[in-house]
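Residue numbers (the working numbering): 132 to 523.
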Ligand SMILES: *Cc1c(COP(=O)(O)O)cnc(C)c1O
């Protein structure tokens, strides 16, 4: 059926190429876990999870058991880490779909253990998360001992990984990251002292990888006979996180990423109608835009319910015929109006680019983020589910 023209195009080949570039950056020291949570950052899980697997990913990361089940449906052989932990009653589904949980609370281990007992499973891998300073999820290093007793050899739980989240890897002053890794060093020593050994040291996001931390994390892992697992998200989708400008000189890995990563997503719509209006015409809710001269206006089939931030009204441009056309007036729920006075020959049906390239111009998720006062992660994940993702 022909569709309302508001869609996202996904270059699955770019996801593959980005994964390979990042994996080469981590190798031979560390392996990558591809973060595909939140529908692959709005890029479409069913397109992106198979793409990273084709490129060699053995691990995927999702937020929840629900997302894990969706990832399992399209990636039958990957290991799938549930980074947001499980919720009461989710143990049986976790096991049924062979998902690997992140856990840090005794009740989560109870839940997994009860499900393992019920299923007659003897060795369920678990990644324990350590809170090394972010105060979000994870157990404090000082309280770890009591959780480690749950992984004795008679247990149905197997300590497969130790995880933490580096929360300031984009800062030029690497003090917070260094402090977090020092804490992880003590944690690994405590695990060994308890007679346990985990296979994976699961640490680091895009910012850490691109800042060149793979080797540091891997050597910490190697000191304890472990392997390093790094968890990039944003970089897989072609963007390097913005770093502190004081980061100087730029790490070689970041320079490489900026040259090599390719954007994956383009967001498009079409001109619905074009109208000529006299000076004095008001546009949109509350008439916040007034034509100062005779103008031509084009209606675009995209609004804030599609994820186009309402704050962009009167202060952002979209691309049409390779030219930036300013948004005129407030963005409506399902529509927006652009000023195309300077663009001759425009016609209904012409393609409008909200995010991506057209001709020599392009609009990035950073451009959207700056105008909306947020970050690219939020721009991507807010593109509404009613906007179809189409592979190209
Ligand atoms: C989302 C997330 C990541 C990926 O972060 P990026 O900055 O997108 O690379 C890594 N680890 C955890 C725990 C996350 O929640």
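Every residue gets a Cβ at the ideal spot worked out from N, C-alpha and C, and that includes glycine. All values reported here derive from a predicted model rather than from experimental measurement.
With contacts defined by Cβ atoms closer than 8 angstroms, residue 514 and residue 173 form a contacting pair.
The shortest CA-to-CA distance from residue 326 to any of 348, 355, 315 and 305 is the one to 355.
Bounds of the alpha helix (DSSP H) holding residue 314 are 306 to 324. Scanning 247, 306 and 367 for the CA closest to the CA of residue 141 turns up 367. For residue 277, there is no enclosing beta strand (DSSP E); the residue is part of the alpha helix (DSSP H) that begins and ends at 275 to 279.
Contact fails between the stretch 385 to 392 and the stretch 403 to 423, because fewer than three Cβ pairs, one in each stretch, are under 8 angstroms apart. Distances from the CB of residue 168 to the heavy atoms of ligand 1 include at least one below 7 angstroms. Residue 155 and residue 222 have their C-alpha atoms roughly 35 angstroms apart.
DSSP links residue 137 through a beta bridge to 400. Contact between residue 203 and residue 247 does not hold, since their C-beta atoms are separated by about 18 angstroms, which reaches or exceeds 8 angstroms. Apart from sequence neighbours up to five positions away, the residues of its chain that approach residue 200 with a beta-carbon distance below 7 angstroms are 224 and 228, ordered along the chain. Inter-residue distance for residue 299 and residue 266 is about 13 angstroms (C-alpha atoms, whole angstroms). Here DSSP, grouped into helix, strand and coil, assigns residue 355 to coil. Straight across, the Cα-Cα distance linking residue 448 with residue 458 is about 5 angstroms. Assigned with DSSP and collapsed to three states, residue 173 falls in coil, not helix or strand. Per the coordinates, the alpha-carbon of residue 511 lies some 29 angstroms from the alpha-carbon of residue 311. A distance criterion of 7 angstroms places the beta-carbon of residue 174 beyond contact range of ligand 1, judged by its closest non-hydrogen atom. The alpha-carbon of residue 382 is positioned some 42 angstroms away from that of residue 470.
A contact between stretches requires three or more CB pairs, one per stretch, nearer than 8 angstroms, and the stretch 231 to 247 meets this requirement with the stretch 279 to 295.
By the neighbour-count criterion, in which a residue is buried when 16 or more other Cβ atoms sit within 10 angstroms of its Cβ, residue 255 is buried. Under the DSSP assignment, residue 391 falls in the alpha helix (DSSP H) whose first and last residues are 383 to 391. Sixteen is the threshold: since fewer than 16 other Cβ atoms of the shown chains lie within 10 Å of the Cβ of residue 249, the residue is exposed.
Looking from the CA of residue 422, the closest CA among 483, 378 and 410 belongs to 410.
No Cβ-Cβ contact shorter than 8 angstroms links residue 196 with residue 181. Between ligand 1 and residue 446, a heavy atom-to-CB distance of less than 7 angstroms is absent.
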